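Trainee: Below is the structure I would like to discuss, written out as structure tokens.
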Amino acid sequence: TMIYGDLIAALRHELSPKADLPTPVFAFAYDWRQDLERAARRLDEFIEEVVARTKLLRHYKGYEQDARVDLVAHSMGGLVICEYLKRYGSKRCVRKVVTIATPFLGSIEAVVKLTTGMGNLSGTIPSEREREMARSTPSVYHLLPSYDDAVEAKVPGLLTDLFQPGAWQPSIVASLQEYVRLNSVKAGDAKENAALASALLARLLSAAAAHRTRVRALSLAECGLGANDWLVV
Numbered sequence: 040t041m042i043y044g045d046l047i048a049a050l051r052h053e054l055s056p057k058a059d060l061p062t063p064v065f066a067f068a069y070d071w072r073q074d075l076e077r078a079a080r081r082l083d084e085f086i087e088e089v090v091a092r093t094k095l096l097r098h099y100k101g102y103e104q105d106a107r108v109d110l111v112a113h114s115m116g117g118l119v120i121c122e123y124l125k126r127y128g129s130k131r132c133v134r135k136v137v138t139i140a141t142p143f144l145g146s147i148e149a150v151v152k153l154t155t156g157m158g159n160l161s162g163t164i165p166s167e168r169e170r171e172m173a174r175s176t177p178s179v180y181h182l183l184p185s186y187d188d189a190v191e192a193k194v195p196g197l198l199t200d201l202f203q204p205g206a207w208q209p210s211i212v213a214s215l216q217e218y219v220r221l222n223s224v225k226a227g228d229a230k231e232n233a234a235l236a237s238a239l240l241a242r243l244l245s246a247a248a249a250h251r252t253r254v255r256a257l258s259l260a261e262c263g264l265g266a267n268d269w270l271v272v
């Protein structure tokens with residue numbers, strides 16, 4: 040929330056009709072190292088708390104008759120909103136949505152991070168530490184690109200679907216194998232750890248692919264939203 044402090048303060052100021060009639064603006068902090076399904080579940084709980092708190096505001100009398108929230112998200116936060124709406128949107132708790140620079144179909148940055156450790160936020164110098172961390176981070180796989188021509192195959196038989204384990208270099212499994220050795224209670228010998236690592240990569244990619252399918256299938260109407268209720272920046 041420290042990074043977005045100015046945005047939160049600006050929203051509170053601009054949306055409040057008077058200083059003594061503040062519009063409630065709350066920051067939702069999610070752990071991007073975890074999968075987006077868990078983040079969406081936490082967002083659902085957070086929205087329920089925001090609605091309950093807003094009902095207590097004296098100048099929001101009557102709010103309970105149409106208790107909804109507006110959501111503003113940047114980058115991967117927009118994917119959290121998509122996951123939330125797909126899973127919990129039938130509650131119709133959301134009135135408006137604004138997403139800023141959200142990679143709805145993924146980003147090539149995720150591939151760069153997984154293969155080299157580089158990225159716009161961490162600099163242009165390859166970092167093995169960044170790369171190894173990314174390879175065991177579920178949400179990075181949720182950002183894999185699936186738009187047209189995201190991957191160009193110049194070698195016959197080369198997989199272009201990044202959600203398939205066979206599309207990735209063996210070093211990805213090697214990194215996960217070391218992760219398993221260090222952290223898994225089921226860790227065994229090298230062969231067993233390699234099998235666990237391969238299964239982990241398949242599970243990470245499968246979960247990411249399922250999320251992308253849900254994003255593509257998201258229906259605004261099912262969430263009680265219209266085309267004019269979502270601003271994409």
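Just so we're aligned: the sequence shown equals residues 40 to 272 in the working numbering.
All residues carry an ideal CB built from backbone N, CA and C; glycine is no exception.
Treat the numbers as computed from the prediction; the structure is a model and nothing was measured.
With burial defined as no fewer than 16 other Cβ atoms inside 10 Å of the residue's Cβ, what is the status of Ile120: buried or exposed?
Mentor: buried
Trainee: Could you tell me which whole alpha helix (DSSP H) segments of length 4 or greater appear in the region 147–219?
Mentor: 147–155, 167–174 and 177–181
Trainee: Flag this pair as touching only if the region 176–189 and the region 223–233 have three or more C-beta atom pairs under 8 Å; answer yes or no.
Mentor: Contact between the region 176–189 and the region 223–233 is absent, because fewer than three Cβ pairs lie under 8 Å.
Trainee: Grab the span of the alpha helix (DSSP H) containing Asp45 for me, first residue to last.
Mentor: Gly44 to Leu54 is the extent of the alpha helix (DSSP H) around Asp45.
Trainee: Could you have a look at Asp59 and say whether DSSP puts it in helix, strand or coil?
Mentor: coil
Trainee: According to DSSP, which residues form a beta bridge with Lys135?
Mentor: Asp109
Trainee: In terms of DSSP beta bridges, what is Val89 paired with?
Mentor: None, per the DSSP bridge assignment.
Trainee: Kindly indicate the opening and closing residues of the alpha helix (DSSP H) around Val254.
Mentor: Ala229 to Arg255
Trainee: Applying the criterion that 16 or more other CB atoms from any shown protein chain within 10 Å of the CB defines a buried residue, is Ser258 buried or exposed?
Mentor: Ser258 should be labelled exposed.
Trainee: Among Lys130, Ala248 and Leu96, which residue has its Cα nearest to the Cα of Ala260?
Mentor: Lys130
Trainee: Where Gln203 and Thr62 are concerned, what is the direct C-alpha to C-alpha distance, given to the nearest angstrom?
Mentor: 46 Å
Trainee: Let me confirm a value: Asp200 is counted as buried when at least 16 other C-beta atoms fall within 10 Å, else exposed. Which label applies?
Mentor: Around the beta-carbon of Asp200, fewer than 16 other beta-carbon atoms lie within 10 Å, marking it exposed.
Trainee: Buried or exposed: where does Ser210 fall if 16 or more other Cβ atoms within 10 Å of its Cβ makes it buried?
Mentor: Around the beta carbon of Ser210, fewer than 16 other beta carbons sit within 10 angstroms, so the residue counts as exposed.
Trainee: By Cβ distance, which residues of its chain are closer than 6 Å to Val90, with the 5 residues on each side in sequence left out?
Mentor: Ala106
Trainee: Count the CB pairs spanning the region 94–102 and the region 146–155 that are closer than 8 Å, and state whether there are at least three.
Mentor: no
Trainee: Three-state secondary structure (DSSP) at Leu75?
Mentor: helix
Trainee: In whole angstroms, what is the alpha-carbon distance linking Glu217 and Ile47?
Mentor: 40 Å
Trainee: Buried or exposed: Val272, going by 16 or more other Cβ atoms within 10 Å of its Cβ?
Mentor: exposed
Trainee: If you reduce the DSSP assignment to three classes, tell me which class Val119 lands in.
Mentor: helix
Trainee: Looking at Leu110 and the ligand FMN, is the gap between the Cβ and the nearest heavy atom below 7 Å?
Mentor: Questions concerning the ligand FMN fall outside what the structure shown contains, since it holds no ligand whatsoever.
Trainee: With a Cβ-Cβ cutoff of 8 Å, do Arg80 and Tyr69 count as a contact?
Mentor: no
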